[in-house]
Structures are given as C-alpha cells and as structure tokens.
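Notes to accompany the following structure.
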Amino acid sequence: RHRHKEKWATTAPRIPSTRLALHHFDMSYSLHLRDLWPSVRAGLLCEQKYGALLNNFSAPDHVTQELELLNATDFVSEALQKARQSQRETSALFRGSLSPRIKCYTFPRGDITRFHPARPDTLGLLGYYLMDAASLLPVLALNVQQDDFVLDLCAAPGGKTLALLQTGLCGHLAANDISISRTKRLYQILHSYVPREVRETVSVTSCDGRDWEQLEGGTFHKVLVDVPCTTDRHSAMEEDNNIFHKNRTKERQMLPMLQLQLLMGGILATKPGGEVVYSTCSLSPLQNECVIERALEIAETQFNINIHVEDLSHFRTLFQDTFSFFSDCRLGELVVPHLTANFGPMYFCKLRRM
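UniProt numbering applies: residue 1 is where the sequence shown begins, and numbers increase by one.
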C-alpha cells in the first residue's frame, strides 16, 4: 500500500532546433534541388569557407603580399582577368558591371585553410574583413557608379556596407537596420575598418525598412535589400538564436511577408531608373523567387511601377571557379554550398525600376 505511481513527464523531450531545421530542409529542399540536395546538405553541415575582403582604407599592399604568400587569390580580379581574355558578348557586359576596387581573397577549391584574424595598422584600422565571399556578389551586382546615392536597407552586421564603401564611389551611403543592438555591431565594424572622415559620410539609422518610402521615397540610385531569412547554414548548425526554435514558429512563417514588405520598401525608395538588389542566405524558393514575383505584381498593380528583372547569368559564368551555382533559378542567381567550395547559400536578384 506504500507504493506510488511513477511520475510521467508532462512535456515531450525538447527536439533541438538544428534537428527541426534539418528535417524541414530535407522535406522542402530535396524537392527543390533534387539530386543536388545530398551534396548541398553535406556542405551546410561542414565548416563554412570564408573570404578576406581587403580594406582599402588600411595599408593594403603588405596585407596583399601576406595573403598571396598563403596561396590565397583575389577572386574578383581573377574574374575580371577572365572577362578580358574572353571574346564573348558577356565579357563586355561583365567588365562594365564590376568594381575593380573590391578585392576579396579566397583559398582555392578544396583548400580548407583558415585565414588568421586581421591585425590593425598604425592607424588602428584592420587590414581585411572575414566574410562569406558569396556575400559580396549582391554588392557586385548592385554595380555602384560614381556619386550614386546608395541605401543598405538591412545593413547590420555590416559586411556588405563595408564592401560598398570599398568601391569609393558612393556619393552618399545610408546604412539602416531596425535592430538597435545590431546597429551597434555596424558602428563597431565601421570604427574598426573605416577612417573618421569616411565614417562621417555614412548615415546610420534604426528605422523600419518597410516604411522607408515615407522617410525618403524615390531618392536613391541603388538600394541593397539583404533581408532577414531562415539563415539556413546557421539554422542547421547553431542552437543559439535559431529561427527554428519552437517559440519562433510564427516569426518563421511570417518571413516571406516581411521580406516582401522590405523589398517593396526598397523599390519605393529607388528613383525611376534606379536599381535594387534583393538577397537572402537561404535556399528557399518561397523566400527567394516567390518574393520577387509577388513584388513585381504588387509594384505594377498597386503602385503602377514597372520593374525589369536584370539578367545576372554572366555572374554564374565568371565566378564558377570560386562558387557552386544552382542552374535552375527562375529569377536571380543562387550560390549553393559544396564541400570543395563551401560558400553560401546566397541568393541575389537585381531589379530595375523603369
């Protein structure tokens, strides 16, 4: 009579967010990427490759020599060289759409050497910034011209903002991010890499990018819209701040709507004739092509704005030695992880407001 019942747990065992993410990816990306998915999956679950974005505001010559001694090469200038040697029509198009001032060093395919952390120069500026080299492609696609007014709508943590500054072409750069804590990280990066006189030409704000039209509608020549997404690599590997956590289900489901609203904010911030580059670090067509298609529809029906989708297939041709691309995107371009070139995922699509 003194026996008692065992106590049953009232909650199911917690499934790690990374496992939930991978299960979701297996279900959806195996349909989207088909035979490519097993190799992309393997890449996602292995250590990411980085590129070293050269800081032109530091003393770049000795940094360049150090990087070249490590057997790293600047993939941007290699592509430019390849374009010059090519007699095809794409080469002329490509040469006119790439800033030679952006230099990013990567190790060859299959080489998994890591870069050392950058050291400060005599002015305290760091020589290079480590980032996923595929993150540079949206900046290169934006093709900033002399004295352009440029908006980076979702700028934090700041890698793409720093790359935009390396062009030396921005007449004015507005770097915005709704998160004040992430904006602090953006300030830190600007402080570590950019001299004061250049920092003072950048206006950093923490506004809601969806409302940009009401703040400064139709004023920018170029707008980068690098939206919040499922950050597939992080979601598959890291428990911390994982959007597949069960408490963030609603937030994750609302992402395509948020992305669409941000893209519309970017389109409406652009002058007629101006250009927008939309980007994510997700493989999901719902966050990529579907958002573009819906934005084109809304721009035309609700705002009477005609948008032209620019062809970026020459990026695939000229950067194929550095990155692995998915060849079946309906719109835009997609870099997919691969064990020999483990960059990405990175989706980018360029729009022109007519």
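All residues carry an ideal CB built from backbone N, CA and C; glycine is no exception.
- [ ] Could you check the C-alpha separation between glutamine 261 and leucine 69 for me, to the nearest Å?
- [x] 46 Å
Task: Simplified DSSP assignment, three categories, for asparagine 242 - done: coil
TODO: Could you tell me the distance, in whole angstroms, from the CA atom of arginine 248 to the CA atom of methionine 257?
DONE: 15 Å
Task: alanine 295: first and last residue of the uninterrupted alpha helix (DSSP H) it sits in - done: 289–303
- [ ] Decide yes or no for the touch test of the stretch 172–189 against the stretch 143–160: beta carbon pairs closer than 8 Å, at least 3 of them.
- [x] yes
- [ ] Look at the alpha carbon of serine 284 and the alpha carbon of threonine 122, and state the distance between them as a whole number of angstroms.
- [x] 44 Å
- [ ] Would you please state the rounded distance, in angstroms, between the beta carbons of glutamate 197 and threonine 18? I believe it to be under 8 Å.
- [x] Not really, about 44 Å apart at Cβ, beyond 8 Å.
TODO: Determine the extent of the beta strand (DSSP E) in which isoleucine 307 is found, giving its start and end residues.
DONE: 307–309
Open item on the list: Between which two residues does the beta strand (DSSP E) holding histidine 172 run?
Closed with: 170–176
Task: From Phe348, Asn342, Gly110, residue whose alpha carbon lies closest to that of leucine 227 - done: As written in the sequence, residue 227 is valine, which differs from the leucine given in the question. Among Phe348, Asn342, Gly110, the Cα nearest to that of valine 227 is on Phe348.
Task: Given 8 Å, three or more beta-carbon pairs between the stretch 132–144 and the stretch 337–351 - done: yes
- [ ] Whole angstroms is fine: what's the gap from valine 139's alpha carbon to leucine 20's?
- [x] 32 Å
Open item on the list: For threonine 340, tell me which candidate among Gly110, Pro16, Arg34, Leu80 has the shortest Cα-Cα distance.
Closed with: Gly110
Open item on the list: For the structure I just gave you, are there three or more beta carbon pairs, one from the stretch 318–337 and one from the stretch 76–87, closer than 8 Å?
Closed with: yes
- [ ] Would you kindly report the start and end of the unbroken alpha helix (DSSP H) that includes alanine 52?
- [x] Run containing alanine 52: none in the alpha helix (DSSP H); it sits in the beta strand (DSSP E), 51–54.
- [ ] Classify glutamate 300 as buried or exposed, calling it buried when 16 or more other Cβ atoms lie within 10 Å of its own Cβ.
- [x] exposed
TODO: Would you grab the beta carbon distance between alanine 163 and glycine 217 for me? Rounded to a whole angstrom, and I think it's under 8 Å.
DONE: The pair is not a contact, with the Cβ atoms about 26 Å apart (cut-off 8 Å).
Open item on the list: Give me the residue from Val63, Pro108, Arg101 with the minimum Cα distance to lysine 49.
Closed with: Pro108
Task: Which of helix, strand or coil DSSP assigns to glycine 266 - done: helix
Task: Inter-residue CB distance, leucine 45 and methionine 237 (contact presumed, cutoff 8 Å) - done: 7 Å
Open item on the list: If the criterion is Cβ atoms closer than 7 Å, does the pair cysteine 290 and threonine 231 meet it?
Closed with: no
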